[in-house]
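Only one structure is covered here, and it is reproduced in the block below.
In my numbering, the protein residues as written are 3 to 197.
Written out as structure tokens, the structure reads:
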């Protein structure tokens with residue numbers, strides 16, 4: 003009779019690191035590379051090889067969460083055209099503004115958080131692409147007529163969101179998102195002669 007041994011635990015992978023980093027971020031914890039390596043049973047060098055540096059790991063985690071947040075913001079929105087874009091934008095900002103993990107990370111290290119989320123990189127690219135695609139779909143359906151470039155509009159939507167949410171959080175205030183939605187509503191004004 004052969005005795006079967008239980009399979010050895012699989013070696014941790016980069017995916018395990020990303021899952022751990024995501025959990026830590028959502029729990030409002032710092033993404034400590036050494037602590038995460040110890041938790042996974044790998045060296046700090048391996049963590050850096052998988053993640054790049056701390057900023058790169060944080061950027062990857064936040065950009066993936068931004069994608070999921072956008073999906074949640076779009077879920078259930080039934081309007082079309084300008085009303086749809088504004089409803090999704092409002093929902094996205096509301097979710098961002100009420101995120102305790104975003105607030106904790108921003109307040110713990112504002113310089114790093116703003117460097118990762120507002121400079122050209124995975125976070126701004128992800129959010130601008132999501133807003134751009136949202137607007138583009140409505141334009142292609144014929145439900146939205148713009149007098150501005152979609153890419154420029156999407157970039158402006160990102161910058162307006164950043165300024166509204168992060169500045170208020172840094173000031174210790176609850177972000178007031180409605181003025182930002184009103185500004186984007188003006189940017190979504192129909193092209194001349196269109197409705």
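The beta-carbon is built from N, C-alpha and C at its ideal position, and this holds for glycine as well.
For residue 116 and residue 27, I'd like the C-alpha separation in whole angstroms.
Their Cα atoms are separated by approximately 15 Å.
What separation, rounded to the nearest whole angstrom, lies between the Cα atoms of residue 25 and residue 74?
Approximately 18 Å, taken between the alpha carbons.
Between the region 103-112 and the region 45-55, do three or more beta carbon pairs fall short of 8 Å?
No: fewer than three Cβ pairs fall under 8 Å.
Please report the straight-line C-alpha distance between residue 16 and residue 39, rounded to a whole angstrom.
Distance between the alpha carbons of residue 16 and residue 39: 11 Å.
Out of 89, 70, 72, 71, state which residue places its alpha-carbon closest to the alpha-carbon of residue 79.
Of the candidates 89, 70, 72, 71, the one whose C-alpha sits nearest the C-alpha of residue 79 is 89.
Assuming residue 83 contacts residue 146 under a Cβ cut-off of 8 Å, what Cβ separation, rounded to an integer in Å, is found between them?
Their Cβ separation, rounded to whole angstroms, is 5 Å, which keeps residue 83 and residue 146 in contact under 8 Å.
How about residue 42 and residue 59: do their beta carbons lie closer than 8 Å?
For residue 42 and residue 59, no; Cβs fall outside 8 Å.
Could you name the residues of the same chain whose beta carbon sits closer than 8 Å to that of residue 68, not counting the 5 residues immediately before and after it, in chain order?
For residue 68, where only same-chain residues beyond five positions count, the Cβ hits under 8 Å are 125, 128, 129, 132.
For the alpha helix (DSSP H) that residue 31 lies in, which residues bound it at each end?
Note, residue 31: premise wrong, no alpha helix (DSSP H); not H, not E.
DSSP three-state label for residue 181, please.
Residue state, collapsed to three classes: helix.
Out of 87, 46, 119, which has the shortest C-alpha to C-alpha gap to residue 148?
Minimum Cα distance to residue 148 is reached at 87.
State the Cα-Cα distance for the pair residue 138 and residue 99, rounded to the nearest angstrom.
Approximately 25 Å between the Cα atoms of the pair.
Which whole runs of the alpha helix (DSSP H) in the region 108-168 are 4 residues long or more, in chain order?
Correct list: 112-120, 124-143.
Please list the terminal residues of the continuous alpha helix (DSSP H) segment that includes residue 98.
It spans 83-99 - the alpha helix (DSSP H) in which residue 98 sits, taken as one unbroken run.
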